[in-house]
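Asker: Take 0 as the starting number for the sequence shown in numbering that gives the first Met the number 0 and just add one per residue.
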Amino acid sequence: MTAQLSGAGPVPAAPTTAGPPAPPPRRRHPGRPVWAGRPSTSLTIGKGVVLTLLVAAVLVPLWAVLVTSLASRGTIDDAGGMVMIPREFDPSAYITIFSGGDVTRAVWVSTLVTVFGTTVSLVLTVLAAYGLSRPGSVAHRGLLFYFLLTFLIFPGLVPSYLVVTGLGLKDSLWSLILPSAISVFNLVVIRAFFMNVPAELLDSARIDGAGELRILTRIVLPLSKAVIAVVGLFYAVGYWNVYFNAVLYIDSNDKFPIQRVLQSYILAGQSPNVSGASVSLPGVTAYPPTLAVKMAVVVVTVIPAVIIYPFVQRHFTKGVITGAVKG
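(1) With V157 and N185 assumed to form a contact (beta carbons below 8 Å), what rounded beta-carbon distance in angstroms separates them?
(2) Restricting to runs no shorter than 4 residues, where is the alpha helix (DSSP H) found entirely within the segment 156 to 196?
(3) Return helix, strand or coil for F92, following the three-state DSSP convention.
(4) Looking only at C-alpha atoms, which of A191, S41, L177 sits nearest to G116?
(5) For A56, count neighbouring Cβ atoms within 10 angstroms of its own Cβ and tell me buried if that reaches 16, exposed if not.
(6) Would T124 be called buried (16 or more neighbouring beta carbons within 10 Å of its own) or exposed?
(7) Buried or exposed for F310, going by 16 or more other Cβ atoms inside 10 Å?
(8) Where do the N-terminal and C-terminal ends of the alpha helix (DSSP H) with I75 fall, by residue?
(9) Out of L126, M83, V49, I44, point me to the one whose CA is closest to L220's CA.
(10) Just to confirm the assignment, what range does the alpha helix (DSSP H) spanning K293 have?
(11) For T40, which of helix, strand or coil comes out of DSSP?
(12) What is the rounded straight-line gap between the Cα of I249 and the Cα of D89?
(13) Cutting at 7 Å between CB atoms, please list the residues of its own chain near F150, excluding the five before and the five after it.
(14) Taking DSSP as the reference, what is the three-state secondary structure of P221?
(15) I'd like to know whether the C-beta atoms of L131 and R190 end up nearer to each other than 8 Å.
(16) Counting pairs of beta carbons, one from the segment 206 to 226 and one from the segment 164 to 181, are three or more of them closer than 8 Å?
(17) Looking only at its own chain, which residues have a Cβ that is under 8 Å from the Cβ of I96, when we skip the five neighbours before and after it?
(18) Are L232 and I306 touching if we call contact CB-CB under 8 Å?
(19) For M194, which option in T289, F243, L215 has the closest C-alpha, if you only look at C-alpha atoms?
(20) Grab the span of the alpha helix (DSSP H) containing E87 for me, first residue to last.
(21) Mind checking which residues open and close the alpha helix (DSSP H) that includes M115?
(22) Excluding the five sequence neighbours on either side, which residues of its own chain have a C-beta within less than 7 Å of the C-beta of V66, listed in chain order?
(23) Taking P256 as the reference, give the member of P154, L42, G45, W107 with the closest Cα.
(24) Do you know offhand how far D207's Cα is from P197's?
(25) Find out if the Cβ-Cβ distance for the pair A245, L175 is shorter than 8 Å.
(26) In angstroms, rounded to a whole number, what distance separates the CA positions of A70 and L53?
(27) Hey, S120 and Y234 are a contact pair by Cβ (cut 8 Å); roughly how many whole angstroms apart?
(28) In angstroms, rounded to a whole number, what distance separates the CA positions of R332 and G210?
(29) With hydrogens ignored, establish whether the beta-carbon of L52 is closer than 7 Å to any heavy atom of the ligand SAH.
(30) What three-state label does DSSP hand V82 in the structure shown?
(31) Exposed or buried, T51, counting other C-beta atoms within 10 Å across all chains shown (16 or more means buried)?
(32) Quick one: is P281 buried, meaning 16 or more other Cβ sit within 10 Å of its Cβ, or exposed?
(33) Do V226 and V188 have their C-beta atoms closer together than 8 Å?
(34) Starting from A245, trace the alpha helix (DSSP H) both ways and give me its first and last residue.
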């Protein structure tokens with residue numbers, strides 16, 4: 000019986016119904032958490048909808064500000080306020096604010112404060128971070144504890160005001176730079192990045208006779224371009240948007256930064272001060288509406304950061320996250 004079965008050849012398989020093969024069951028990697036698995040279709044669509052709403056919440060107000068700053072008086076009157084759909088292009092608001100008045104002067108003041116303030120802050124922060132990143136530096140632990148203590152203890156408004164006025168910085172542009180010259184957060188980020196530089200590379204430079212300043216400028220800084228660019232952007236945006244210190248320490252109108260002028264236009268309801276006649280400006284047939292002037296000043300305050308950010312955005316992940324996590 001067994002011999003007959005073995006010589007009879009293979010047994011034909013049972014017929015199966017035709018149709019597409021069933022997809023393999025979705026399996027989760029045994030060592031991977033649930034949230035790291037492949038998202039479902041509904042979850043992907045939900046994320047897209049949420050991101051779209053967040054982007055719209057940011058872009059729609061900016062679009063309204065830009066369109067209103069370029070709208071004519073009739074368009075603003077028909078819209079009853081902010082304009083969403085452009086109809087008539089009228090640059091008279093920008094011609095007005097850049098005709099030698101308060102806004103033009105405030106833009107130069109803010110540019111001066113931003114350039115000098117960012118330079119001073121980067122130099123001081125880099126030098127302090129490099130010194131604190133070397134374990135053998137003098138008073139290393141004490142100075143590091145002193146800097147980190149400012150995270151928990153802040154002197155307060157009145158002591159800061161007394162120090163600034165006591166140093167003779169009242170009504171001076173240095174009062175907008177020196178009180179915020181070093182950010183402890185930026186200092187910790189740069190220090191953590193400097194500590195990731197291989198010690199063997201620094202030791203080989205010392206063997207070749209290089210001093211600490213030469214090591215910093217020739218070796219450490221070229222390797223830290225990403226974090227320097229990110230921290231520089233943080234400082235630049237902070238100095239460009241300086242407002243509260245200007246309210247406290249600046250009394251002269253000719254030293255107001257752009258944010259202080261914007262506050263006087265929008266909150267205090269003041270009219271823009273333009274040198275010369277208000278009607279005989281080149282290219283302006285009638286004085287622009289107040290709302291268009293206010294929105295034009297808002298655009299002027301926002302556009303520098305919008306222009307600079309794309310050039311530094313690619314350094315964010317490498318500059319901040321790497322330095323913070325590895326440190």
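All C-beta atoms, glycine included, are put in the ideal place defined by N, C-alpha and C. Here the structure is a predicted model, which is why all the values come from computation and not from measurement.
Answerer: On the basis of the data shown:
(1) About 26 Å; that fails the 8 Å criterion.
(2) Here the runs fully enclosed are 156 to 165, 183 to 194.
(3) It is worth fixing the name first, because residue 92 is Ala in this sequence and not Phe. Helix, per DSSP.
(4) Comparing Cα positions, the closest option is L177.
(5) With fewer than 16 other Cβ atoms from the protein chains shown falling within 10 Å of its own Cβ, A56 counts as exposed.
(6) Of the other Cβ atoms in all chains shown, 16 or more fall within 10 Å of the Cβ of T124; this residue is therefore buried.
(7) exposed
(8) Element bounds for I75: 72 to 78.
(9) Closest option to L220, Cα to Cα, is L126.
(10) 289 to 311
(11) helix
(12) Taking the straight line joining both Cα atoms gives about 34 Å.
(13) V183
(14) helix
(15) Contact: yes.
(16) no
(17) V102, T103, P271, V273, V292, A295, V296, V299
(18) no
(19) Taking only the C-alpha atoms, the option nearest M194 is L215.
(20) Looking at the DSSP string, E87 is not in any alpha helix (DSSP H), and its letter there is neither H nor E.
(21) Residue identity differs from the one stated: residue 115 is Phe in this sequence, not Met. Per DSSP, F115 belongs to the alpha helix (DSSP H) from 101 to 132.
(22) Here the set comprises V82, M83, P85.
(23) The shortest Cα separation from P256 among P154, L42, G45, W107 belongs to W107.
(24) Whole-angstrom Cα-Cα distance: 16 Å.
(25) yes
(26) 26 Å
(27) 5 Å
(28) Since the displayed the chain opens at 0 and closes at 326, residue 332 lies outside it and no answer follows.
(29) Inclusion of the ligand SAH in the displayed structure is not the case, the ligand content being empty and no account of it being possible.
(30) coil
(31) exposed
(32) Low per-residue confidence applies at P281: pLDDT is 48, beneath 50, and the placement is therefore not dependable, though the value from the model is reported in the following sentence. Label assigned to P281: exposed.
(33) yes
(34) 243 to 248
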